[in-house]
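>
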Amino acid sequence: AYVQAEAAIRKILAAGALPITIGGDHGIPIPIFRALDREGPITLVQLDAHLDWRDNVNGVKEGYSSTIRRASEMAHIKDIFQVGVRGQGSARTEEVEAARAYGANIITTNEWQDIGTAALLKRIPDGGRYYLTIDADGLDPAVMPAVEGPQPGGISYRQTIELIQGLVGKGRLVGMDIVEIAPARDVNDITSMTAGHIILNVIGAAVRAGYFK
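Just add 3 to wherever you are in the sequence shown, counting from 1, and you've got the numbering used here.
Here it is in structure tokens:
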């Protein structure tokens, strides 16, 4: 399935389109990252409650907890920004140390709330080629309740849209995904509607920026 996913993304990129992917678990972006090997250097922006730097989980090296570790091993992935991190179980000591050794920029939810989105965006280099991966649990359960590991105190819908608009405005968004949605856990379709509106905002921002002229 990962081989097929990588091939599909390569076709989308070859057509000059913007790949937007809906998951599934957070392992899904791994083949997408591989397909971006001609788009680099990539600045990877991850909105997530967790670091996802596990080397493996029960011997599985390309699962949902190892996404950013695998990305860090790809030559075309350069800067990594991990935003919205919070809560117990976000990472073990080894994973935090590995992320810091790589040079990952870890910005917790509390720090983002304190400094604001404009200040966060200033930390991300201008003129980059950005890929945005959104784990639904990065947002607050009030707007994204349908996740396996809800963590209170998350990122708001407004902050998420500001992040998207900021990335599109300061460089080129080369792709994005929303993953880790568990539909059976949804409440009044809030999660699905929020995800749909996030995607709509990505498309709108890309059109306004002239991506498809």
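The beta carbon of each residue, even a glycine, is placed where N, CA and C say it ideally should be. Here the structure is a predicted model, which is why all the values come from computation and not from measurement.
Under a Cβ-count criterion, where at least 16 other Cβ atoms within 10 Å of its own Cβ denotes burial, should Met147 be classed as buried or exposed?
By 1-based counting over the sequence shown, the position of residue 147 is 144. Looking at its Cβ environment, which holds 16 or more other Cβ atoms inside 10 Å, Met147 is buried.
> According to DSSP, which residues form a beta bridge with Arg132?
Looking up residue 132 in the sequence shown gives position 129. BP columns for Arg132 point to Ile45, Arg175.
> Assuming Gln7 is part of the alpha helix (DSSP H), what are its boundary residues?
To locate residue 7, count along the sequence shown from 1; it is residue 4. Element bounds for Gln7: 5-17.
> Is the segment 33-43 touching the segment 73-82 in the sense that three or more CB pairs, one from each, lie closer than 8 angstroms?
yes
> Please tell me whether Gln154 and Arg89 are closer than 8 angstroms, where the distance is taken between their beta carbons.
On the sequence shown, residue 154 is found 151 positions in, with the first residue counted as 1. On the sequence shown, residue 89 is found 86 positions in, with the first residue counted as 1. The answer is yes: Cβ separation under 8 angstroms.
> Hey, Ala104 and Val150 are a contact pair by Cβ (cut 8 angstroms); roughly how many whole angstroms apart?
The residue given as residue 104 occupies position 101 in the sequence shown. The residue given as residue 150 occupies position 147 in the sequence shown. Rounded, the Cβ-Cβ distance is 29 angstroms, inconsistent with contact.
> Please check the pair Asp55 and His79, which I expect to be a contact at CB under 8 angstroms, by giving their CB distance rounded to whole angstroms.
To locate residue 55, count along the sequence shown from 1; it is residue 52. To locate residue 79, count along the sequence shown from 1; it is residue 76. Not really, about 19 angstroms apart at Cβ, beyond 8 angstroms.
> Using the Cα positions of Ala4 and Met77, report the straight-line distance between them to the nearest angstrom.
Translated into the one-based positions of the sequence shown, residue 4 becomes position 1. Translated into the one-based positions of the sequence shown, residue 77 becomes position 74. Ala4 and Met77: Cα-Cα distance of roughly 20 angstroms.
> Does the separation of the CB atoms of Ile45 and Tyr134 fall below 8 angstroms?
Stepping through the sequence shown from its first residue, residue 45 is reached at position 42. Stepping through the sequence shown from its first residue, residue 134 is reached at position 131. Yes, the Cβ-Cβ distance between Ile45 and Tyr134 is below 8 angstroms.
> If I follow the unbroken alpha helix (DSSP H) through Asp117, where does it start and stop?
By 1-based counting over the sequence shown, the position of residue 117 is 114. Residues 112-118.
> With distances taken Cα to Cα, identify the nearest neighbour of Leu97 among Val177, Asp117, Asp58, Leu166.
What you label residue 97 is simply residue 94 of the sequence shown in a count that begins at 1. Residue identity differs from the one stated: residue 97 is Glu in this sequence, not Leu. The residue with the shortest Cα to Cα distance from Glu97 is Asp58.
> For the candidate residues Gln85, Val99, Asp180, Arg13, whose alpha-carbon lies nearest to that of Ile23?
Within the sequence shown, residue 23 is the residue found at index 20, counting from 1. When each option's Cα is compared against that of Ile23, the closest is Asp180.
> Between which residues of its own chain and Arg126 is the CB-CB distance below 8 angstroms, once the five residues before and five after are set aside?
The residue you call residue 126 lines up with position 123 of the sequence shown. Closer than 8 angstroms at Cβ, skipping near neighbours: Phe84, Asn108, Ile110.
> Could you tell me if the beta carbon of Glu65 falls within a distance shorter than 7 angstroms of some heavy atom in the ligand ADP?
Inclusion of the ligand ADP in the displayed structure is not the case, the ligand content being empty and no account of it being possible.
> With DSSP collapsed to three states, give me the class of Asp140.
Taking the sequence shown and counting its residues from 1, one reaches residue 140 at position 137. Of the three classes helix, strand and coil, the one that applies to Asp140 here is helix, per DSSP.
> Fully enclosed by the segment 47-125, which beta strand (DSSP E) runs are 3 residues long or longer?
Fully enclosed beta strand (DSSP E) runs of 3 or longer: 80-88, 108-111.
> With Gly2 and Thr112 assumed to form a contact (beta carbons below 8 angstroms), what rounded beta-carbon distance in angstroms separates them?
Residue 2 lies beyond the residue range present for the chain, which begins at 4 and ends at 216; the question has no answer from this structure.
> Pick helix, strand or coil for Ile158, following the three-state DSSP scheme.
The residue labelled residue 158 in the question sits at position 155 within the sequence shown. Strand, per DSSP.
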